[in-house]
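Undergrad: Residues in the sequence shown are numbered from 1 upward in steps of one, following the working numbering. A virtual CB, placed ideally from N, CA and C, is assigned to each residue, including glycine. Quick caveat: nothing in here was measured; it's all calculated off a predicted structure. One structure is given below, represented as structure tokens, and several questions about it will come after.
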Amino acid sequence: MRLSDAPILERGHIFNPSYVLVTAPSLLFDPTVKPLEGMADGSVLFVNSSKEVQIVQPKKVHTIYRDITELALKHIGRDILSAAMGAVACKLSGLISLQSLVDSVEEELAELGLAADLIEKNVQLAKECYSSVESISLRGLDYKPSHKVVEVQYMGERGIPDLLSMGNTILRKTGSWRVFTPIVDKNLCTACGICYIYCPEACISLDEQGYPVINYNNCKGCLVCTVECPRRAIKTERETIWS
Numbered sequence: 001m002r003l004s005d006a007p008i009l010e011r012g013h014i015f016n017p018s019y020v021l022v023t024a025p026s027l028l029f030d031p032t033v034k035p036l037e038g039m040a041d042g043s044v045l046f047v048n049s050s051k052e053v054q055i056v057q058p059k060k061v062h063t064i065y066r067d068i069t070e071l072a073l074k075h076i077g078r079d080i081l082s083a084a085m086g087a088v089a090c091k092l093s094g095l096i097s098l099q100s101l102v103d104s105v106e107e108e109l110a111e112l113g114l115a116a117d118l119i120e121k122n123v124q125l126a127k128e129c130y131s132s133v134e135s136i137s138l139r140g141l142d143y144k145p146s147h148k149v150v151e152v153q154y155m156g157e158r159g160i161p162d163l164l165s166m167g168n169t170i171l172r173k174t175g176s177w178r179v180f181t182p183i184v185d186k187n188l189c190t191a192c193g194i195c196y197i198y199c200p201e202a203c204i205s206l207d208e209q210g211y212p213v214i215n216y217n218n219c220k221g222c223l224v225c226t227v228e229c230p231r232r233a234i235k236t237e238r239e240t241i242w243s
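Okay, structure coming up:
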């Protein structure tokens with residue numbers, strides 16, 4: 001997001017962010033995300049985590065840790081962080097008042113058709129997140145000049161490249177996205193295979209006896225398996241690897 005007193009004509013990727021908010025600590029180590037890239041001395045990094053994470057920071061960055069997921073679970077019962085992280089961003093910047101935040105949350109969620117009680121829960125979540133951090137000034141921040149806007153020539157009429165190599169999805173470990181981990185209780189499991197059938201990401205295989213085996217490297221924690229299991233043999237635990 002860009003904020004300015006003047007008209008904003010630039011679009012696309014933000015190369016030198018002043019504030020970076022990371023919703024999960026695992027993203028700090030994701031080579032495809034690189035959330036710390038472009039941060040300058042004096043910028044602010046917020047990480048949704050209950051504990052500090054050992055990271056190498058090339059710059060002198062203000063780093064803050066708060067367990068926003070725990071607050072979201074307390075107020076709305078789900079790990080939905082939109083209002084929570086938005087509230088943190090508002091407070092850190094020092095540019096947006098609490099009342100403006102509340103009005104925005106109510107207006108936006110009402111437009112989405114959410115029930116009044118759920119909107120109020122999100123408002124209370126936003127308020128607590130807003131009060132959980134302090135505003136941090138960007139004085140002394142090493143600002144860089146805007147990037148030169150370059151017109152890109154359309155080359156489509158010359159054809160498109162042929163993609164002949166195999167996919168690289170197997171290298172992408174989506175298990176770091178989980179908030180809750182499904183765990184199979186073999187004392188209750190009857191090896192019916194329903195979880196294997198319903199898993200939308202094909203992260204469940206069957207062993208020689210027909211019992212489910214979960215691929216935790218790629219399981220995103222959607223918990224479809226826990227809902228579909230007729231014996232309730234798949235329990236859930238809060239992910240703690242990054243805590």
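Going by DSSP, which residues form a beta bridge with Ile234?
TA: The residue labelled residue 234 in the question sits at position 234 within the sequence shown. Per DSSP, Val184.
Undergrad: Relative to the C-alpha of Ser131, which residue among Ile96, Ala115, Pro212 and Glu107 is closest?
TA: Start at 1 with the first residue of the sequence shown, and residue 131 comes out as number 131. Selected option, being the one with the closest Cα: Ile96.
Undergrad: Does the Cβ-Cβ distance between Leu81 and Ala72 come in under 7 angstroms?
TA: To locate residue 81, count along the sequence shown from 1; it is residue 81. To locate residue 72, count along the sequence shown from 1; it is residue 72. Cβ atoms of Leu81 and Ala72: closer than 7 angstroms.
Undergrad: Using a Cβ cut-off of 7 angstroms (strictly closer), state whether Ser137 contacts chain B.
TA: Judged by its chain identifiers, the structure shown contains no chain B, having just a single protein chain.
Undergrad: Within 10 angstroms of its Cβ, does Met39 collect 16 or more other Cβ (buried), or is it exposed?
TA: Here residue 39 corresponds to residue number 39 of the sequence shown, with the count starting at 1. Buried.
Undergrad: May I ask you to check if the CB of Lys235 is nearer than 6 angstroms to at least one heavy atom of the ligand ZN?
TA: Among the components of this structure there are no ligands whatsoever, and the ligand ZN is therefore not found.
Undergrad: Report yes if the CB atom of His75 is closer than 7 angstroms to the CB atom of Ile136, and no otherwise.
TA: As a working mapping, residue 75 is identified with position 75 in the sequence shown. As a working mapping, residue 136 is identified with position 136 in the sequence shown. It is not a contact, given that the beta carbons lie outside the stated cut-off.
Undergrad: With a threshold of 7 angstroms on Cβ separation, who are the neighbours of Cys195 within its own chain once the five nearest residues in sequence on each side are excluded?
TA: As a position in the sequence shown, residue 195 is number 195, starting the count at 1. Closer than 7 angstroms at the Cβ level, and outside the excluded window around Cys195, lie Ile204, Pro212, Cys225, Glu228, Cys229 and Ile234.
Undergrad: Answer with buried or exposed for Asp79, where buried requires no fewer than 16 other C-beta atoms within 10 angstroms of its C-beta.
TA: Your numbering for residue 79 matches position 79 in the sequence shown. Asp79 is buried by the Cβ-count criterion.
Undergrad: Please specify which runs of the alpha helix (DSSP H), each continuous and at least 4 residues long, are wholly inside the stretch 107 to 135, giving them in chain order.
TA: Those alpha helix (DSSP H) runs which fall completely within the stretch 107 to 135 and span 4+ residues are 116 to 131.
Undergrad: Taking 6 angstroms as the limit between beta carbons, can you name the residues of its chain near Leu98, skipping five residues before and five after?
TA: Position 98 of the sequence shown, counted from the start, is the residue given in the question as residue 98. Taken in chain order, the residues that qualify are Tyr130.
Undergrad: Considering only C-alpha positions, which residue in the set Gly42, Leu114, Tyr19 and Pro35 is nearest to Ile55?
TA: Taking the first residue of the sequence shown as 1, we reach residue 55 at position 55. If we check each option's Cα against that of Ile55, Pro35 comes out closest.
Undergrad: Return the CA-CA distance between Lys59 and Asp185, expressed in angstroms with no decimal places.
TA: Working through the sequence shown from its first residue, we reach residue 59 at position 59. Working through the sequence shown from its first residue, we reach residue 185 at position 185. Lys59 and Asp185: Cα-Cα distance of roughly 46 angstroms.
Undergrad: How many Å lie between Phe15 and Met1 at the Cα?
TA: Within the sequence shown, residue 15 is the residue found at index 15, counting from 1. Within the sequence shown, residue 1 is the residue found at index 1, counting from 1. Phe15 and Met1: Cα-Cα distance of roughly 12 angstroms.
Undergrad: So Gly210 and Gly193 are supposed to be a Cβ contact under 8 angstroms. How far apart are they, rounded?
TA: As a first step, residue 210 is located in the sequence shown; it is residue number 210 there, counting from the start. As a first step, residue 193 is located in the sequence shown; it is residue number 193 there, counting from the start. Right, the Cβ-Cβ distance comes to about 7 angstroms (below 8 angstroms), so this counts as a contact.
Undergrad: Between the beta-carbon of Val44 and the beta-carbon of Leu92, is there less than 7 angstroms?
TA: Position 44 of the sequence shown, counted from the start, is the residue given in the question as residue 44. Position 92 of the sequence shown, counted from the start, is the residue given in the question as residue 92. Yes, these two residues count as a Cβ contact at 7 angstroms.
Undergrad: Short of 7 angstroms in beta carbon distance, which residues of its chain neighbour Asn187, apart from the five on each side in sequence? Order them along the chain.
TA: Along the sequence shown, read from residue 1 onward, the residue named residue 187 stands at position 187. The answer is none, since no qualifying residue turns up.
Undergrad: Looking only at C-alpha atoms, which of Pro31, Gln153 and Leu27 sits nearest to Phe46?
TA: For the purposes of this step, residue 46 is identified with residue 46 of the sequence shown, where counting begins at 1. Phe46 has its Cα closest to that of Leu27, out of Pro31, Gln153 and Leu27.
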